[in-house]
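Chains as they are written, first to last, in my numbering: chain R, 3 to 295; chain W, 6 to 256.
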């Protein structure tokens, strides 16, 4: 059964939250958004329903936050709580319903980014953790890590300095470059600390886009292998036997499935789904035959 | 305060929540600003706003620098709250969070700096309103208290205690009907607004009653004549500002 980080929101039933919650974390410019744009169509091709979500995309608070950030009147505590409102709105109305419907949820940042930003802005670490104790523990957190020396050119040369990304609310009086370096260095240090505490899987984000994508694919396939593939194989076997499956047969299929490599998994998972969508008539039986040792 | 039944083991959860609550309590006790903070609490129709307004006029007439701050009035957050209420987007959790955001904005931009500057600050509703309403909506008691860990402990928090029927009578005399969230219609307690209001406000009263010892709220019997309540309020306020000459704008 799913777990949260401590508290459960009213009306939240954790018993059938069966999808996969995959978090892509990292500082600004680490390529999170690019990777999600690649991962989503790839997962959909494999036959998974995918929801992608990210900061300030809530119906409730997204516009309010954007308006508040246009001025320089947004206090630190207020900012943290506004983001928490945005997060919980998406959490209750998008993330959890999607997981309950069996989706893979790809989230561009999660509570960790929000914690890091808050802590860097002087918030009490326990206070911010208490607020986000209502969040679900994800199935995986991939931390796209970029050192400060790579981060500066990537962010600054592509879109210039942004007031908030440069932490200008924190270091008024500095020029944007100094402020940016100080702010992003402090964020990196906090991310590294959170990475240990919450067992992030670190991916070197200084590599090129394709190689980061490949690494993420391998990790995600490993994650999906355990239950969803097994379930799928069982389902096919059930169909092959007219709905009845013997325990021994199930075990044999599972054992056989374990022997196959990740590449093989990819074929196995993708092929029948492709067949379904193209002809509406799956050839599951032959797939099972292929699996027999 | 014990740990609520909603809590589970593992991760940073239980221990951290307790530590947070402790550090919060510690922080609240530390307020040493020169200003004074008086807040009024109570259900709708308890007459608390009338009492605060009378107190406001009295303090002004005596030359104090007084500033008034109302619940749910931050210009930065107002549109979001309005959107949430109008489109009925708010769940108990987001209802709680958006109100805490509003309160944080008023705390950071107005209440805290004013207290530092030595003003008398009057608040119509304070964090206790959130503690009562959010818990009545099913939010976890400790979670909501932790959420307001940034709030300043008031000099005096008045609780205007009134029987539910008296408050409903006053409200029905003054206007027709109840608003959706005010009546707790989001909880589905009853399809009838008045009945829903009754049930929801009943829960809120229960929460207020528990907070009297927890936070040392000063109880005022809100069924007494307005003048008698005001005399009592002024006496208490006076005892806290009698020697505070620095709070005065003019002799």
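Backbone N, C-alpha and C fix where the C-beta goes; we use that ideal spot for every residue, glycine too.
Taking Cβ to Cβ, would you say residue i is nearer than 8 Å to residue j?
i                      : j                      : result
residue 183 of chain W : residue 198 of chain W : yes
residue 28 of chain R  : residue 157 of chain R : no
residue 99 of chain W  : residue 87 of chain R  : yes
residue 101 of chain R : residue 25 of chain R  : no
residue 122 of chain R : residue 189 of chain R : yes
residue 216 of chain R : residue 8 of chain R   : no
residue 205 of chain W : residue 194 of chain W : yes
residue 120 of chain R : residue 82 of chain R  : yes
residue 141 of chain R : residue 23 of chain R  : yes
residue 208 of chain W : residue 141 of chain W : yes
residue 51 of chain R  : residue 91 of chain R  : no
residue 153 of chain W : residue 132 of chain W : yes
residue 150 of chain R : residue 187 of chain R : yes
residue 96 of chain W  : residue 167 of chain W : no
residue 82 of chain W  : residue 175 of chain R : no
residue 128 of chain W : residue 58 of chain W  : no
residue 196 of chain R : residue 108 of chain R : no
residue 137 of chain R : residue 6 of chain R   : yes
residue 116 of chain W : residue 149 of chain W : no
residue 146 of chain R : residue 33 of chain R  : yes
residue 69 of chain W  : residue 253 of chain W : yes
residue 177 of chain W : residue 210 of chain W : no
If I'm right that residue i touches residue j with Cβ under 8 Å, what's the distance once you round it to whole angstroms?
i                      : j                      : result
residue 212 of chain W : residue 49 of chain W  : Wrong, their Cβ atoms sit about 14 Å apart, outside the cutoff.
residue 104 of chain W : residue 135 of chain W : 6 Å
residue 2 of chain W   : residue 224 of chain W : Past the edges of chain W, shown from 6 to 256, lies residue 2 of chain W, and the structure says nothing about it.
residue 76 of chain W  : residue 138 of chain W : Contact doesn't hold; Cβ gap of about 10 Å is too wide.
residue 161 of chain W : residue 242 of chain W : 7 Å
residue 56 of chain W  : residue 235 of chain W : 6 Å
residue 143 of chain W : residue 12 of chain R  : 3 Å
residue 79 of chain R  : residue 112 of chain W : 7 Å
residue 132 of chain R : residue 151 of chain W : 4 Å
residue 143 of chain R : residue 199 of chain R : Going by Cβ atoms, the distance from residue 143 of chain R to residue 199 of chain R rounds to 11 Å, so no, they are not a contact pair.
residue 42 of chain W  : residue 159 of chain W : 4 Å
Around the Cβ of residue i, are there at least 16 other Cβ atoms within 10 angstroms (buried) or fewer (exposed)?
i                      : result
residue 179 of chain R : exposed
residue 231 of chain W : exposed
residue 37 of chain R  : buried
residue 201 of chain W : buried
residue 21 of chain R  : buried
residue 189 of chain W : buried
residue 73 of chain R  : exposed
residue 128 of chain R : buried
residue 177 of chain R : exposed
residue 181 of chain W : exposed
residue 120 of chain W : buried
residue 118 of chain R : buried
residue 2 of chain R   : With chain R covering 3 to 295 only, the question about residue 2 of chain R has no answer from this structure.
residue 91 of chain W  : exposed
residue 111 of chain R : buried
residue 261 of chain R : In this predicted model, residue 261 of chain R has a pLDDT of only 45, less than 50, meaning its place in the structure is not dependable enough to derive any value.
residue 220 of chain R : exposed
residue 122 of chain W : exposed
residue 247 of chain W : exposed
residue 103 of chain R : exposed
residue 147 of chain W : buried
residue 161 of chain R : exposed
residue 174 of chain W : exposed
residue 40 of chain W  : buried
residue 46 of chain W  : buried
residue 47 of chain R  : exposed
residue 207 of chain R : buried
residue 192 of chain R : buried
Which runs of the beta strand (DSSP E), 3 residues or longer, sit entirely within the region 51-91 of chain W?
-> Entirely contained in the region 51-91 of chain W, the beta strand (DSSP E) runs reaching 3 residues are, in chain order, 71-75.
Are at least three pairs of beta-carbons, each pair with one atom in the region 137-157 of chain R and one in the region 180-200 of chain R, less than 8 Å apart?
-> A contact exists between the region 137-157 of chain R and the region 180-200 of chain R.
Are there three or more Cβ pairs, one per stretch, closer than 8 Å when the region 53-68 of chain R is compared with the region 160-168 of chain R?
-> No: fewer than three Cβ pairs fall under 8 Å.
In chain order, each alpha helix (DSSP H) run of at least 4 residues that lies wholly inside the region 8-32 of chain R | Fully contained in the region 8-32 of chain R is no alpha helix (DSSP H) run of length 4 or more.
Counting only runs that start and end within the region 134-216 of chain R, where is the alpha helix (DSSP H) found for 4 or more residues in a row?
-> Whole alpha helix (DSSP H) segments, 4+ residues: 150-161, 178-199.
Which ranges does the alpha helix (DSSP H) cover as unbroken runs of at least 4 residues, wholly within the region 185-221 of chain W, from first to last along the chain?
-> As summarised for the region 185-221 of chain W, the continuous alpha helix (DSSP H) elements at least 4 residues long and confined to that stretch are 198-220, given in chain order.
Entirely enclosed beta strand (DSSP E) segments - the region 87-131 of chain W, minimum 3 residues = Runs found: 125-129.
Contained beta strand (DSSP E) runs [length at least 3] in the region 77-120 of chain R, N- to C-terminal order | List check, beta strand (DSSP E) in window: 106-110.
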